[in-house]
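Each protein sequence line maps, in turn, to chains A and B.
Under the working numbering, the first residue of the first sequence carries the number 1, and numbering increases by one thereafter.
Under the working numbering, the first residue of the second sequence carries the number 1001, and numbering increases by one thereafter.
Ideal Cβ placement from N, Cα and C applies to all residues, glycine included.
Model, not experiment: these values are computed from the prediction.
Single-structure report; data block below.
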Amino acid sequence: MKKHLLSITSNTEIARNIFEMKLTGPGTATMTVPGQFLHVSVGKHTSKLLRRPLSICDVDLEKEEVTLLYRAQGEGTKQLSQKQTGEFVDVLGPLGNGFSVESIDEGKSALLIGGGIGVPPLYYLGKKLREKGMKVTFILGYQSLEDSFYIEKFQEIGETIVTTVDGTLGIKGFVTDAMDQLISEEPVIYSVGPAVMLKAVEQKAAGLNGFISLEERMGCGIGACFACVCPTETRQSGYVKICSDGPVFKMGEVVL
Amino acid sequence: MSRLSVSLPGLNMKNPILPASGCFGFGKEYAKWYDLSLLGGITIKAATLEGRFGNPTPRVAETESGMLNAIGLQNPGVKGIIENELPALEPYNIPILANIAGSTEEEYIEVTKQISASPLVSAVELNISCPNVKEGGIQFGTHYRSAADLTRKVKSVSEKPVYVKLSPNVSNITEMAEAVEDAGADGLSMINTLVGMKLDWRTGSPILANKTGGLSGPAIKPVAIRMIYEVSQKVSLPIIGMGGVSSAEDVMEMMSAGASAVAVGTANFVNPYVCPEIIEKLPELLDEIGVEQISEMTGRSLRQWKTPLSSR
C-alpha cells in the first residue's frame, strides 16, 4: 500500500454536481483491480482533514492515468472540484479488496447494477469482465436525466438499461424494476450503490451468485479506526470493516 | 543515549512519539505501511472484559480542522487481544501501552489483572474518559473521588505502571490530576476528546448515529496545550501529551507545555506515515533552537517564560 502524488490532467463536471477527474502518475501502475478505491486528500491548507474514499472508475495503464468520478456534495468534494489541471492530489491506494474477476466461470453472463454515484466502479469492472469474454449487461439507476452520466461509455462495453426515479430517462423507477427479465439467465450479479438499493437487489436476485460493494463514511480507510464497520453473521467477529475487508462482499455475507 | 530518547515509568522510548489509543488499531494495519520499530511506543485500542461491537454507523463526522468519532470501544475483549493481537507486536520490540476500559470497577480490575500480566505490555492506560458509550468509564473520569478510587484499585492489581487518561470534559482538570496522583498513578495521559455534536441543518438529524461524539484533531490542540501546561505545574507525574498533534512542531510545543512524551491520534488517519515523518524531523527542530536532548524540552515554556499560572 502506498501514498502517491498524482497530477490532475482534467477535472470537469459531466452531469449535475458529478465530476470526472483524471489523474496521472507512476502510482497508477498498481491500480489493476476493479472495485478498489483511492483515499483522496482534499488538500493541504484546508480545514478538511479527512480523506474521501473515491472508487476507481477506470485505469489506463499505458497512459498511467486513473479516472475518478465523484459528486461535489459537501465542502470537501466542492473544494476538490475546483482543482485545476496540473495541480497535485495526494492519494492513498489502491485500497480495499475489489471485485474478484478471476474466480468467475468464463461462460457466465454478468449483470452489473449501479445506483447514482455507485455507478463508476462498474465501468472498470465491466471492461475487465468483457476482457474475460463474459457477456456484460448494465442496469444504471439515476435520479433523473440531469443526474445521469457515462451511459454512452457503458454502451460500448455491453447492453445498458437506464432507470430514473422521475422517468426523465429510460425506465421510470428503480434498478430493481429492470432486473426481472435479466435474472432468468442466472447471471453473476455485481452491484454498487446505497445500502437500501443493495438490499433490494439481494432480495430480487436471491439464490444467484453475486457481489456487492458498500459505501460508508470512513476515517482512516485502512482498517485501523473501526469507523466503517458492518454487521455480519458469517464471521466469528460479528462484523467486517468495509475499507479493508471490503468494500466488496459476497451477496448475503453482510447484514444490510 | 540518543538525543530523542525519553524515559517514563515502564516506557523506555527511543523517541517520544507513540500513536494514541484508538487511532492505530492494534498496530497491524499500520505495519503494512512502515516498520513499527521506528516508533517510540504503541498505544493499543481499548480493551474491555468481553468483546464489544461498538456503536451503529455513521461513527465519524468531519468538522472544521477536526473530526467527531463515536466508535464505542469496539474490541475483541481482553483475552482476544492478549492471544491474537499482542503477539503480532512482539517483533518490533517497542514499549506497548495497553488502554483499558470498562463499565464497572470490577471490569476495570479484571482487565487490568489480565493485560498487565502480559510480558508484552509495558504499562497500562486507564481510560476513564471515553465519551462515547453509556457506561464507558467517563462516570469515573468526571468526578475526582471516583477517579481516585478507581485508580487506587487498578493500581493495586496492576503488574505494570498505570497512566490515567484524563477527560477534558470537566470543570477543573487540575483537581482530577491531583486526585489520581494522590491515589498512586504513575503518569497521566491527556487529553481525551471533547464531547461534540454535528447536525444536518436541513433535517436537524445528528450526523453520528450515537448523536454525540468525541472531537479530535488540530481543532483541540490549544485546549490540550493549556491543560497540560496547567496540570504539569501542579503535579509531578510525567504526562503523555495528546490532542491534535500532527507535526514535529506540534510535538515540540506540547513538550514545552509540560509533556514528557507525545501521542499522535487523528493525524494517522490523514497521513499513515505521520509518526515516522515527525520522528525524522525532530532533530532538525532541536538543532534550530540549540537543544541537545529532546527530554530538555519538557516544561521548557515555564522555565523560559515565568508566565503566572492562570487562576483556575
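Pick from the options that is closest to residue i, judged by C-alpha positions
i: I1109 (chain B); options: B:I1082, B:I1094, B:L1150, B:G1072; result: B:L1150
i: K1155 (chain B); options: B:A1183, B:E1230, B:P1058, B:K1221; result: B:A1183
i: P1095 (chain B); options: B:Y1273, B:K1045, B:L1120; result: B:L1120
i: Y70 (chain A); options: A:E186, A:R16, A:L208; result: A:R16
i: Y1034 (chain B); options: B:Y1273, B:D1287, B:L1166, B:I1115; result: B:Y1273
i: E216 (chain A); options: A:G43, A:E62, A:S237, A:R51; result: A:R51
i: V1235 (chain B); options: B:S1007, B:I1173, B:S1129; result: B:I1173
i: D60 (chain A); options: A:T32, A:A72, A:K78; result: A:T32
i: K135 (chain A); options: A:G98, A:K199, A:V188, A:T85; result: A:V188
i: L145 (chain A); options: A:R130, A:E156, A:L129, A:G116; result: A:G116
i: L1324 (chain B); options: B:N1055, B:A1224, B:K1079; result: In this structure chain B extends from 1001 to 1312, so residue 1324 (chain B) is not present and cannot be described.
i: Q1233 (chain B); options: B:A1031, B:K1306, B:A1101, B:G1040; result: B:K1306
i: P1091 (chain B); options: B:L1039, B:Q1114, B:A1123; result: B:L1039
i: E1175 (chain B); options: B:G1141, B:I1278, B:R1303; result: B:G1141
C-beta atoms of residue i and residue j nearer than 8 Å
i: M1227 (chain B); j: P1276 (chain B); result: no
i: F1026 (chain B); j: I1081 (chain B); result: yes
i: P194 (chain A); j: G118 (chain A); result: yes
i: G141 (chain A); j: G114 (chain A); result: yes
i: A1257 (chain B); j: K1281 (chain B); result: no
i: S1158 (chain B); j: T1193 (chain B); result: no
i: L49 (chain A); j: M1067 (chain B); result: yes
i: P1016 (chain B); j: L1004 (chain B); result: yes
i: C230 (chain A); j: Y239 (chain A); result: yes
i: A1177 (chain B); j: N1099 (chain B); result: no
i: V228 (chain A); j: T1057 (chain B); result: The sequence given here places Cys at residue 228 (chain A); Val does not occur at that position. Cβ atoms of C228 (chain A) and T1057 (chain B): closer than 8 Å.
i: V1245 (chain B); j: V1231 (chain B); result: no
i: T176 (chain A); j: V201 (chain A); result: yes
i: G27 (chain A); j: H45 (chain A); result: no
i: Y123 (chain A); j: D166 (chain A); result: no
i: M179 (chain A); j: G210 (chain A); result: no
i: T1063 (chain B); j: A1219 (chain B); result: yes
i: I8 (chain A); j: E102 (chain A); result: no
i: G96 (chain A); j: P247 (chain A); result: yes
i: L208 (chain A); j: E186 (chain A); result: yes
i: Y1163 (chain B); j: A1179 (chain B); result: no
i: S1189 (chain B); j: M1242 (chain B); result: yes
i: L1166 (chain B); j: G1196 (chain B); result: no
i: E64 (chain A); j: A110 (chain A); result: no
i: L6 (chain A); j: V91 (chain A); result: yes
i: M1252 (chain B); j: L1285 (chain B); result: yes
i: N1268 (chain B); j: C1023 (chain B); result: yes
i: N11 (chain A); j: T85 (chain A); result: yes
i: A1261 (chain B); j: V1078 (chain B); result: no
i: W1037 (chain B); j: N1093 (chain B); result: Residue identity check: residue 1037 (chain B) is Ser in the sequence provided, not Trp. A contact, by the Cβ cut-off of 8 Å.
Counted within 10 angstroms of its Cβ, other Cβ atoms place residue i as buried (16 or more) or exposed
i: N1210 (chain B); result: buried
i: V196 (chain A); result: exposed
i: L1199 (chain B); result: exposed
i: I1294 (chain B); result: buried
i: P1087 (chain B); result: exposed
i: I14 (chain A); result: exposed
i: D1250 (chain B); result: buried
i: P1222 (chain B); result: exposed
i: T1298 (chain B); result: buried
i: K1160 (chain B); result: buried
i: G1010 (chain B); result: buried
i: R1059 (chain B); result: buried
i: G74 (chain A); result: exposed
i: S1311 (chain B); result: For S1311 (chain B), the pLDDT reaches just 49, beneath the cut-off of 50, and the residue's location in the model is therefore unreliable, leaving the point undetermined.
i: T163 (chain A); result: buried
i: A1117 (chain B); result: exposed
i: V255 (chain A); result: exposed
i: I1042 (chain B); result: buried
i: N1069 (chain B); result: buried
Bridge-paired residues (DSSP) for residue i
i: R16 (chain A); result: Beta-bridge pairing links R16 (chain A) to no other residue.
i: H39 (chain A); result: A:P53, A:L92
i: H4 (chain A); result: A:V91
i: G1241 (chain B); result: B:M1190, B:V1262
i: A110 (chain A); result: A:V136, A:V188
i: S213 (chain A); result: A:V192, A:V248
i: G1214 (chain B); result: B:N1069, B:V1195
i: M1013 (chain B); result: B:V1006
Cross-chain neighbours of residue i in chain C, by beta carbon under 9 Å
i: R217 (chain A); result: Any reference to chain C falls outside this structure, whose protein chains are A and B.
Contact test: residue i Cβ vs the ligand MN heavy atom, cutoff 7 Å
i: G167 (chain A); result: Of ligands this structure carries none, so the ligand MN is not represented either.
Looking at chain A, which residues of the stretch 1256-1286 of chain B have a Cβ within less than 9 Å of any of its Cβ atoms?
T1266, A1267, N1268, F1269, V1270, N1271, P1272, Y1273
Closer than 8 Å between beta carbons: that is the criterion. Which residues of the stretch 1025-1036 of chain B meet it against chain A?
G1025, E1029, Y1030, K1032, W1033
The stretch 218-244 of chain A: which residues have C-beta closer than 8 Å to a C-beta of chain B, in chain order?
Residues passing the 8 Å Cβ filter: M218, G219, C220, G221, I222, G223, A224, C225, F226, A227, C228, V229, C230, P231, S237, G238, Y239, S244.
Using a beta-carbon distance cut-off of less than 7 Å, what residues from the stretch 1214-1234 of chain B approach chain A?
G1217
Residues of the stretch 86-101 of chain A with Cβ closer than 9 Å to any Cβ of chain B, in chain order
D90, L92
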